[in-house]
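*Asks:*
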Amino acid sequence: MMDVRIEGNFEKYLGLPPMVGRAKKRSFANLKSRLESRLESRIEGWKEKLLSTGGKEILLKSVAQAIPTFAMSVFRIPSTLCNELEQIMARFWWQSSTKSKGIHWSKWHEVCLPKNDGGLGFKSLNSFNLALLGKQVWRLSQNQNSLSFLVLRSRYFPSGNFLEARLGFSPSYIWQSIWQAKNVISKGLMWRVGNERRINIWHDKWIPRRWEFKIFTQPKFLPKEAIVNLIINPTSKSWDNETLHQAFDIADIKEILCIPLGDINAPDTRIWAFNPSGSYSVRSGYHFIQQLRSHTSLHIPGEQTTYRTVSSSTSTPHGSWKNIWNLQVPSKVRLFTWRLLKNFIPSFSNLCNRRMIDCIPHCLICGKEPENSAHIFGNCPIAATVWSLAHIAPPTLSLGNMEEFHWVSLSWIETGRKLV
């Protein structure tokens, strides 16, 4: 009637959809196709058979996991799509060729654990997405004069309190994404004591205590409305020990006395508790979210499941993993040692446990014992000969104590030998 053209298909801006409707997964479907095509093109360029496990690790971390980064810094990618992207990465990591599916020896979220905890340091896309959005949360909480803050404030939190803002009615998808990240990142924010008399002793988070940041003592001596300045001596500009011992338990007193009162004339400020500088970073945010998931049954708005992240799938000591990754040997040797410690070796025993063969035949070389990882690399006479040639006493191993293989890496370090 008004001779205005109806635009049905909106063009993407910087690779991102200008509008995200109910079909969110469809809006970001190009991320999946880009990831698959990029991996296929790199494999063809590097020649599949010449790509070592170390090369795969570099390719996944530097190329595959970097593809969705820009979109994740603006939008909350649907968890189902993140899972599909991780499935592509897992298939690429475990398969020996594009023609075979490969054996997935471990769940992907266990591979995403830090290297010193028994994983390989790959990123969990769901956690990484929240960490990237956390940067937007930090900017909005710190810079209240920015244009983005003023625009969002006029629509979603007219009171100006961003951290207490609600989702609201019919919100945009950008605000939904930031709001979901806000509810997680706010768990890692605490107050730095200053002079503005804004910090409530009992209700606000100001104690440098991991995960809680609040006083444990019940209010008795001081009222519930008491502020932190009441327990600071204005003359000496230090904590008032007499008031502390009257109002708090010993555990809380120790925590309070550890809080430095440097510039008492500075304003009360919110800081990020998981970075020494007090400023938020994507790296510290990612590790915080991963730790939060390992300590609590964390439910993230927008995700379909509530789950816990395991800390490690083996009893191997923390120092053993660190020793392995510090070895001055090719990355493929370190990765093979990791697989050995995890018992991710396609021995007859492991294949039988996965029902890929019918029985557990004896070692094809010596024929004395069933073929398992402990026999192949420790107890077989041929293995003992190899250890002898390397001038290292062969370890005595069993399937119940595979973590003893960390002794091998220590021997490599002590003798200075590079066994390739």
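The numbering of the sequence shown is UniProt numbering, which starts it at 1 and goes up by one.
Note that the Cβ used here is the ideal one computed from N, Cα and C, for glycine as well.
Small disclaimer: the values here were computed from a predicted structure and weren't measured.
(1) Given a threshold of 16 other Cβ atoms within 10 Å of its Cβ, counted over all protein chains shown, does Q218 qualify as buried or as exposed?
(2) Taking DSSP as the reference, what is the three-state secondary structure of I250?
(3) The alpha helix (DSSP H) that contains residue 421, what's its start and end?
(4) Is it the case that the Cβ atoms of W321 and G118 are separated by a distance below 8 Å?
(5) Helix, strand or coil for V310 per DSSP?
(6) Quick one: complete alpha helix (DSSP H) runs, 4+ long, within the segment 199-263?
(7) Are I201 and A226 touching if we call contact CB-CB under 8 Å?
(8) Quick check on DSSP: helix, strand or coil for M89?
(9) What is the DSSP secondary structure of P370, counted as helix, strand or coil?
(10) Can you give the beta carbon distance from I357 to F348, rounded, assuming they're within the 8 Å contact cut?
(11) Going by beta carbon distance, what residues of the same chain come within less than 6 Å of K418, once the five residues before and after it are set aside?
(12) Excluding the five sequence neighbours on either side, which residues of its own chain have a C-beta within less than 7 Å of the C-beta of N275, listed in chain order?
(13) How should K220 be labelled, buried or exposed, when 16 other C-beta atoms within 10 angstroms of its C-beta is the threshold for buried?
(14) What number of angstroms, rounded off, separates the C-alpha of L140 from the C-alpha of S73?
(15) Looking only at its chain, what residues have a beta carbon closer than 7 Å to the beta carbon of S52, apart from the 5 residues adjacent to it on each side?
(16) Between the alpha carbons of Q246 and D240, how many angstroms are there, rounded?
(17) If you run the structure through DSSP and keep just helix, strand and coil, what is M72?
(18) Would you say N161 reaches chain C, if we count a Cβ-Cβ gap shorter than 8 Å as a contact?
(19) So, T269 versus G194, is the Cβ gap smaller than 8 Å?
(20) Shortest alpha-carbon distance to A251 belongs to which of K214, P267, N265 and K224?
(21) Quick one: any contact between the segment 70-85 and the segment 126-134, if contact means 3 or more CB pairs under 8 Å?
(22) Secondary structure at H362, three-state DSSP: helix, strand or coil?
(23) If I measure Cβ to Cβ from I259 and keep anything under 7 Å in the same chain, skipping five residues before and after, which residues do I get?
(24) Which residue or residues does DSSP assign as beta-bridge partners of L189?
(25) To the nearest angstrom, how far is it from the Cα of S41 to the Cα of A71?
(26) Could you give the distance in angstroms between the alpha-carbon of F377 and the alpha-carbon of E36?
(27) Which residue wins for smallest C-alpha separation from L59, given the options N30, F92 and C82?
*Replies:* Straight from the coordinates:
(1) Position 218 of the sequence shown, counting from 1, holds the residue named residue 218. So Q218 counts as exposed.
(2) Within the sequence shown, residue 250 is the residue found at index 250, counting from 1. If DSSP states are grouped into helix, strand and coil, I250 belongs with the helices.
(3) The structure shown does not extend to residue 421, since the chain is modelled only from 1 to 420, so the question has no answer here.
(4) The sequence position of residue 321 within the sequence shown is 321, counting from 1. The sequence position of residue 118 within the sequence shown is 118, counting from 1. Cβ atoms of W321 and G118: closer than 8 Å.
(5) By 1-based counting over the sequence shown, the position of residue 310 is 310. With a pLDDT of 44 at V310, under the threshold of 50, the predicted position of this residue should be treated as unreliable, though the coordinate-derived value follows. Three-state DSSP puts V310 in coil, outside helix and strand.
(6) 241-247 and 250-257
(7) As a working note, residue 201 is residue 201 in the sequence shown. As a working note, residue 226 is residue 226 in the sequence shown. Result yes, Cβ atoms of I201 and A226 sit closer than 8 Å.
(8) Residue mapping note: residue 89 aligns to position 89 of the sequence shown, counting from 1. Residue state, collapsed to three classes: helix.
(9) Locating residue 370 in the sequence shown gives position 370, where the first residue counts as 1. P370 falls in the strand class under three-state DSSP.
(10) Here residue 357 refers to the residue found at position 357 when the sequence shown is read from its first residue. Here residue 348 refers to the residue found at position 348 when the sequence shown is read from its first residue. That pair is a contact at about 7 Å.
(11) Sequence index remark: in the sequence shown, residue 418 carries index 418 (1-based). Model confidence at K418 stands at a pLDDT of 47, short of 50, so the residue's coordinates are unreliable and nothing is read from them.
(12) Looking up residue 275 in the sequence shown gives position 275. The residues are S281 and S284.
(13) Against the sequence shown, residue 220 aligns to sequence position 220. Exposed, since its Cβ has fewer than 16 Cβ neighbours within 10 Å.
(14) The count along the sequence shown starts at 1 and reaches residue 140 at position 140. The count along the sequence shown starts at 1 and reaches residue 73 at position 73. For L140 and S73, the distance between alpha carbons rounds to 14 Å.
(15) On the sequence shown, residue 52 is found 52 positions in, with the first residue counted as 1. Hits under 7 Å: K332.
(16) Along the sequence shown, one-based indexing puts residue 246 at 246. Along the sequence shown, one-based indexing puts residue 240 at 240. Within the model, the alpha-carbon separation for Q246 versus D240 is close to 10 Å.
(17) Residue numbering aside, residue 72 sits at position 72 when the sequence shown is read from its first letter. Of the three classes helix, strand and coil, the one that applies to M72 here is helix, per DSSP.
(18) Of the chains in the structure shown, none is chain C; there is only one protein chain.
(19) Your numbering for residue 269 matches position 269 in the sequence shown. Your numbering for residue 194 matches position 194 in the sequence shown. Going by C-beta atoms, T269 is nearer than 8 Å to G194.
(20) Locating residue 251 in the sequence shown gives position 251, where the first residue counts as 1. For A251, the nearest C-alpha among the options comes from K214.
(21) yes
(22) The residue you call residue 362 lines up with position 362 of the sequence shown. Here DSSP, grouped into helix, strand and coil, assigns H362 to strand.
(23) As a position in the sequence shown, residue 259 is number 259, starting the count at 1. Closer than 7 Å at Cβ, skipping near neighbours: V193 and P208.
(24) As a working mapping, residue 189 is identified with position 189 in the sequence shown. Paired residue(s): W272.
(25) By 1-based counting over the sequence shown, the position of residue 41 is 41. By 1-based counting over the sequence shown, the position of residue 71 is 71. The straight-line gap from Cα to Cα measures roughly 22 Å.
(26) One-based indexing of the sequence shown puts residue 377 at position 377. One-based indexing of the sequence shown puts residue 36 at position 36. When rounded, the distance between both Cα atoms is 36 Å.
(27) Residue mapping note: residue 59 aligns to position 59 of the sequence shown, counting from 1. Looking at the Cα atoms, F92 is the closest of the given residues.
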